[in-house]
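All residue numbers for the sequence shown refer to my numbering, where the first residue is 2 and numbers rise by one. We put the beta carbon where it would ideally sit given N, CA and C, even for glycine. No experiment lies behind these values; they were computed from the predicted model shown. Right, one structure below, let's go through it.
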Amino acid sequence: MANTQARQVSVRATTRSQQRAGPGRPPVHNETWSKVSVVLFDRQVHHLDRLAIEIRGKSGRLLNRAEIIRALIDGLIDSGMDITAAATEADLRARVARRLGSGFR
């Protein structure tokens, strides 16, 4: 049975100087950031993983899911596209797909 309950998300701005050393490689960001949780569909996660593998195969460089998602969001922001008229997620998706030249309707 799928979990359909929404979870409350806390957002906290953190600067590099506020980070505590922990296990693993430290994240490197040049600006303040917030850690957020979002729900993605399995198909979206699989597609992001396939993209990361294809990028690594073609360029030898590793881009993780978060980097791909941040780049897509920044690309949308930098495009100057006005998405304020979108009424639903499906409407927004269609507008962005049309702008990018796909046949999605």
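Can you tell me whether Arg101 is buried or exposed, with buried defined as 16 or more other CB within 10 angstroms of its CB?
Here residue 101 turns out to be Leu, not Arg, going by the sequence shown. It counts as exposed.
So, is Leu49 buried or exposed, given that buried needs 16 or more other C-beta atoms within 10 angstroms?
buried
Smallest Cα separation from Trp34: which of Arg57, Ala87, Ala67?
Ala67
For the alpha helix (DSSP H) containing His30, name the first residue and the last one.
Neither: His30 is in no alpha helix (DSSP H) and is coded neither H nor E.
Is the stretch 82-89 touching the stretch 57-74 in the sense that three or more CB pairs, one from each, lie closer than 8 Å?
no
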